[in-house]
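*Asks:* Protein chains in written order, with this note's numbering: chain A, 2 to 284; chain B, 6 to 458; chain C, 51 to 345. Glycine residues also receive a C-beta, built at the ideal position from the N, C-alpha and C atoms.
Quick look at the structure:
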């Protein structure tokens, strides 16, 4: 998988044992609560309440989440996969092109500062205030309760971060390389596809993972623009946070289930991007 | 409540299929009410503990009448927003919506709903239906929910009041009689309090809706009130009365002397957790939680809890706040579907349907179900306490500023409980803020002389 | 080259930027304009229709007299400064440390980002259970070790820190991911050269790597700060802003005003005020960073 990834830091810059210690500590801190959620998903509600350990494991939570009458979890996962994948690909494409364009071509200051500034300010707006207007707009377009609406809104809210991130990552590419390509007669489009993109690979992966994750976990817009059949995973999980008490057991099971497709997709997505780019990459 | 092990789930599935197979050919069961052929409708309903029971009853309706009902099950946190979006533009995606009592004022005042009798003049509420404080009637002139001069806008789907849950075995062992007044509760719980093994009495102390709702039961029992006479338009703020202060001091005593150290953050889930694990022998909890206490997957005290109506105070009677789900019909739903929604409602309000609802785990809304043989069933043994509580339960904060008043009270009560300010100061501050609020909205208001701080 | 390809190449400059601009303007113009318009109005509903009245003075007066806003702003500032500082420091340290691992560093990266994969509503509920006074795992561990249980979420002193811990757990992976990608893209020859020149490992990090990582650090800081100002799910589920006003944060307050109390006009003004606060904070941060940067 990492055969085409950029080489590791040279031994000179590696942290040695102090670096490894930090990583080990971090892994424990991160996996700890995760292990807790996973064990909770096999407990009954009362075992969770009483903090029982050891406990008798049960599969009933998973059964309830996946096959219960109240649940359309499999369909919800399908919706989430579709929306997250499509919106991630779209925002990466649109965002990277825009970042490249702003950097490479001399746009007047008002265009680049204006666009970047507008996206940043928009990012500061609380999502709550966008729900009403978007609901009305999509309703009028006949797109209420569709996954297309979710894809469009997710691309919009992830665009600021994608553009800014890619701007930062593209800046790491020395301009001489692109200059050399131009001198060699490479067209701007070709230069972008064959030279810039492969070099920006780590950044693309990071931006892609973040866009995917934010779309996958996005809740308020999904809640407001969908109904039962187009609902996504976070909406389904929120159903377990009921009026008086949270059904912790099922919520834990649902959370565990929902991380699996996300991890798988990111894994495969990574390899796909790497392979796709290396096929087109040049010396 | 309906979390089952896989084997039991399989058995249920088998039983249901068998039952369906047997029932279907033998002409569909005679419908509880004759509603005729209706177009399909969509209902906005929250994912709540009683939802599975409702779903079962809807299935029964579909089976008996052949009419289709789609349920859009929404997380509770998203209900209000979805309801608002649905009524504010174009065609409503829902034909029937369940609105929590606190949201009804907004929808009534906004004119978003179709009065039920304008959809079908023959629609009548059965006389056995509990009134739930007339939350379904709206008098537009007085801007008050009352059947007196009001139009029928909604009916109660499910009414939740809180009951006093207790462990007869624990109380008997300590030689304590089941408490009838709040002072009884305080005396009993201080005796039973044995931290960290057991907390004598658990109730919500959480900032916001938690402490406001639970405290108001004590406030009403002690004869306190938030405003003087809102039905008559008199919004004089009376929250800082001596009776209210007595109620607050009593409540803080209960929290401090009988609750866990983190009483200032106890929510409904926490209270249920403490009762279900057996750490608390007494608590103030919603009726809907009873079913979870009887589920071995959710409770360590199955069969051990009993219920009593909420205790009485100096006013001579008990106090309880009604929290009920009201079924409303949006004005912008298509007419044929509005009529279909009412047809379903007529069916749902029959005695047979309510019995089915109760047996499936819901809380029925007709008094004849409570006085029937169903009340004798062991897992429905909360029914007598419920019926008794409904005799004195009241609707609170039934005006447009309700949400803001709750926020003010919810903050100040919590601050008094955790010791950030004295009870007198908390009530005085709340009274001042509430009075300002009413004044800004042009209400006729005033204040009581401030309490000693 | 075909005519189409030639055209595409000639106009690449334009159509590479156009989709982003068009899409963004199309979807954000209406909501933003609506927000500004709402902030100077009072919106009421009657007979099924909305009525907008122009009331800028009343809205501003309400902003000035909102006495939950002040503690909310203070708490939010503390929250943002502490959590972002911790997340940036930890994220950077981890990015460099993980990049220095040999084989398996991509597996480590996958594990590191697990926290941001969990839906926020689940994070809030699970951590609330872990912090539970009577049955939570932290107190159970403390009791097992012979210590007294701690009132993590119920004590006015500890509540905000407890929320910050959850936020740090949740978001360090975000910073890590961005900085790790940036470290992977660093030019190795510069680092080698510095090492050859006799610099210590720490000097290499401080004087060579960090300046090169600056664009990525800035972006990570920028977005992490904005997201921290907008935090909602974790606080809502963990403490609801309590006890008292200890964990009342600005976005939570906004939710209560705009959504629960249905005050759309004032709520919109409040959002604009929050945006102004964020911009002010970022400007101050930029000045501070410029002052600290070595020559």
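Mind checking if residue 423 of chain B is an interface residue toward chain C, Cβ cutoff 8 angstroms exclusive?
*Replies:* Here residue 423 of chain B refers to the residue found at position 418 when the second chain is read from its first residue. It does; some Cβ of chain C falls within 8 angstroms.
*Asks:* Is the CB of residue 224 of chain A under 8 angstroms away from at least one CB in chain B?
*Replies:* As a first step, residue 224 of chain A is located in the first chain; it is residue number 223 there, counting from the start. Yes, residue 224 of chain A counts as interfacial toward chain B.
*Asks:* Would you decide whether residue 197 of chain A is buried or exposed? Buried here means 16 or more other CB atoms lie within 10 Å of its CB.
*Replies:* Taking the first residue of the first chain as position 1, residue 197 of chain A is located at position 196. Residue 197 of chain A comes out buried.
*Asks:* Report the CB separation of residue 291 of chain B from residue 280 of chain B in whole angstroms; it is logged as a contact under 8 angstroms.
*Replies:* For the purposes of this step, residue 291 of chain B is identified with residue 286 of the second chain, where counting begins at 1. For the purposes of this step, residue 280 of chain B is identified with residue 275 of the second chain, where counting begins at 1. Between residue 280 of chain B and residue 291 of chain B the Cβ distance is about 11 angstroms, and since that is not below 8 angstroms, they are no contact.
*Asks:* Please say whether residue 324 of chain C and residue 279 of chain C have beta carbons closer to each other than 8 angstroms?
*Replies:* What you label residue 279 of chain C is simply residue 229 of the third chain in a count that begins at 1. What you label residue 324 of chain C is simply residue 274 of the third chain in a count that begins at 1. Yes. Within cutoff.
*Asks:* Quick one: which residues of the segment 284-297 of chain B get their C-beta closer than 9 angstroms to a C-beta of chain A? List them in chain order.
*Replies:* 284, 290, 291, 293, 294, 297
*Asks:* Measure the alpha-carbon distance for residue 62 of chain A versus residue 222 of chain A and round it to whole angstroms.
*Replies:* Here residue 62 of chain A refers to the residue found at position 61 of the first chain. Here residue 222 of chain A refers to the residue found at position 221 of the first chain. Computed Cα separation, rounded: 27 angstroms.
*Asks:* Would you mind telling me which residues of chain A sit closer than 7 angstroms to residue 90 of chain B, beta carbon to beta carbon, in chain order?
*Replies:* Here residue 90 of chain B is taken as the residue at index 85 of the second chain, counted from 1. Under the 7 angstroms cutoff, chain A gives 136, 225.
*Asks:* Report yes or no: is there a C-beta of chain C within less than 8 angstroms of the C-beta of residue 153 of chain A?
*Replies:* What you label residue 153 of chain A is simply residue 152 of the first chain in a count that begins at 1. Yes, contact with chain C.
*Asks:* Assign residue 269 of chain A to one of two classes, buried (16 or more other C-beta atoms within 10 Å of its C-beta) or exposed (fewer than that).
*Replies:* Sequence index remark: in the first chain, residue 269 of chain A carries index 268 (1-based). Under a 10 Å Cβ-count criterion, residue 269 of chain A is classified as exposed, with fewer than 16 other Cβ atoms of the shown protein chains found around its own Cβ.
*Asks:* Please work out which residues of its chain come closer than 8 angstroms, Cβ to Cβ, to residue 100 of chain C, disregarding the five sequence neighbours upstream and downstream, and give them in chain order.
*Replies:* Position 50 of the third chain, counting from 1, holds the residue named residue 100 of chain C. 93, 94.
*Asks:* Using only alpha-carbon positions, find the residue among A:224, A:35, A:245, A:219 that is nearest to residue 298 of chain A.
*Replies:* This structure cannot settle anything about residue 298 of chain A, because the visible part of chain A is limited to 2 through 284.
*Asks:* With a cut-off of 8 angstroms, does the C-beta of residue 256 of chain A fall near any C-beta of chain B?
*Replies:* Along the first chain, read from residue 1 onward, the residue named residue 256 of chain A stands at position 255. Chain B contact via Cβ: absent.
*Asks:* Establish whether the CB of residue 248 of chain B and some CB of chain A are separated by less than 8 angstroms.
*Replies:* Walking along the second chain from the start, residue 248 of chain B turns up at place 243. Residue 248 of chain B does not count as touching chain A.
*Asks:* May I ask you to report which of helix, strand or coil DSSP gives residue 391 of chain B?
*Replies:* One-based indexing of the second chain puts residue 391 of chain B at position 386. Three-state DSSP puts residue 391 of chain B in a helix.
*Asks:* Report yes or no: do three or more beta-carbon pairs, one from the segment 159-173 of chain B and one from the segment 313-320 of chain B, lie closer than 8 angstroms?
*Replies:* yes
*Asks:* Against chain C, which members of the segment 167-188 of chain A pass a CB distance test of less than 7 angstroms?
*Replies:* 169, 170, 172, 173, 188
*Asks:* Checking the sheet assignment: what are the DSSP bridge partners for residue 102 of chain B?
*Replies:* Here residue 102 of chain B refers to the residue found at position 97 when the second chain is read from its first residue. Partner(s): B:49, B:333.
*Asks:* Quick one: complete alpha helix (DSSP H) runs, 4+ long, within the segment 261-329 of chain C?
*Replies:* The segment 261-329 of chain C is shown to contain whole alpha helix (DSSP H) runs of 4 or more residues at 283-288, 300-304, in chain order.
*Asks:* Under a CB-based cut-off of 8 angstroms, is residue 339 of chain B close to chain A?
*Replies:* Residue 339 of chain B sits at position 334 when you count from the first residue of the second chain. False, the Cβ-Cβ gap to chain A never drops below 8 angstroms.
*Asks:* One question on the structure: do residue 100 of chain B and residue 46 of chain B come within less than 8 angstroms of each other, judged by their Cβ atoms?
*Replies:* The count along the second chain starts at 1 and reaches residue 100 of chain B at position 95. The count along the second chain starts at 1 and reaches residue 46 of chain B at position 41. Residue 100 of chain B places its beta carbon less than 8 angstroms from that of residue 46 of chain B.
*Asks:* Which residues, in order along the segment 90-101 of chain C, keep a beta-carbon less than 8 angstroms from a beta-carbon of chain B?
*Replies:* 95, 96, 97, 98, 99, 100
*Asks:* Between the C-alpha atoms of residue 183 of chain C and residue 305 of chain C, what's the straight-line distance to the nearest angstrom?
*Replies:* Residue 183 of chain C sits at position 133 when you count from the first residue of the third chain. Residue 305 of chain C sits at position 255 when you count from the first residue of the third chain. C-alpha separation (whole angstroms): 28 angstroms.
*Asks:* Please confirm if residue 219 of chain A has its CB atom under 8 angstroms from at least one CB of chain B.
*Replies:* What you label residue 219 of chain A is simply residue 218 of the first chain in a count that begins at 1. No, no contact with chain B.
*Asks:* What residues match up with residue 156 of chain B in a beta bridge as DSSP calls it?
*Replies:* Here residue 156 of chain B refers to the residue found at position 151 of the second chain. Per DSSP, B:143.
*Asks:* Starting from the C-beta of residue 257 of chain B, find all residues in its chain whose C-beta is less than 6 angstroms away, skip the five residues before and the five after it, and write them out in chain order.
*Replies:* On the second chain, position 252 is the one that residue 257 of chain B refers to. So the qualifying residues of the chain are 422.
*Asks:* With contact counted as at least three CB pairs below 8 angstroms, one residue from each stretch, are the segment 280-290 of chain C and the segment 161-171 of chain C in contact?
*Replies:* yes
*Asks:* Just verifying my parser: in three-state terms, what is the DSSP assignment at residue 242 of chain B?
*Replies:* Translated into the one-based positions of the second chain, residue 242 of chain B becomes position 237. Three-state DSSP puts residue 242 of chain B in a strand.
*Asks:* Can you grab the Cα-Cα spacing for the pair residue 200 of chain B / residue 303 of chain B, in whole Å?
*Replies:* By 1-based counting over the second chain, the position of residue 200 of chain B is 195. By 1-based counting over the second chain, the position of residue 303 of chain B is 298. Each residue's alpha carbon lies about 23 angstroms from the other.
*Asks:* So if I threshold CB-CB distances at 9 angstroms, which residues from the segment 270-284 of chain C count as touching chain A?
*Replies:* 270, 272, 273, 276, 277, 279, 280, 282, 283
*Asks:* Which bits of chain A does residue 132 of chain C rub up against, with CB to CB less than 8 angstroms?
*Replies:* What you label residue 132 of chain C is simply residue 82 of the third chain in a count that begins at 1. Within 8 angstroms Cβ-Cβ: nothing; residue 132 of chain C doesn't reach chain A, min ~17 angstroms.
*Asks:* Could you tell me whether any Cβ in chain F is nearer than 8 angstroms to the Cβ of residue 69 of chain C?
*Replies:* Checking the listed chains, one finds no chain F in this structure; the protein chains it contains are A, B and C.
*Asks:* For the alpha helix (DSSP H) that contains residue 408 of chain B, what are its first and last residues?
*Replies:* Along the second chain, read from residue 1 onward, the residue named residue 408 of chain B stands at position 403. Its alpha helix (DSSP H) spans residues 407-422.
*Asks:* Return the CA-CA distance between residue 340 of chain C and residue 167 of chain A, expressed in angstroms with no decimal places.
*Replies:* Start at 1 with the first residue of the third chain, and residue 340 of chain C comes out as number 290. Start at 1 with the first residue of the first chain, and residue 167 of chain A comes out as number 166. Approximately 23 angstroms between the Cα atoms of the pair.
*Asks:* Among all the DSSP beta bridges, which residues are the ones paired with residue 165 of chain B?
*Replies:* In the second chain, the residue the question calls residue 165 of chain B occupies position 160. Answer is B:328, bridged to residue 165 of chain B.
*Asks:* Using a Cβ cut-off of 8 angstroms (strictly closer), state whether residue 27 of chain A contacts chain C.
*Replies:* For the purposes of this step, residue 27 of chain A is taken as residue 26 along the first chain, with counting starting at 1. It does; some Cβ of chain C falls within 8 angstroms.
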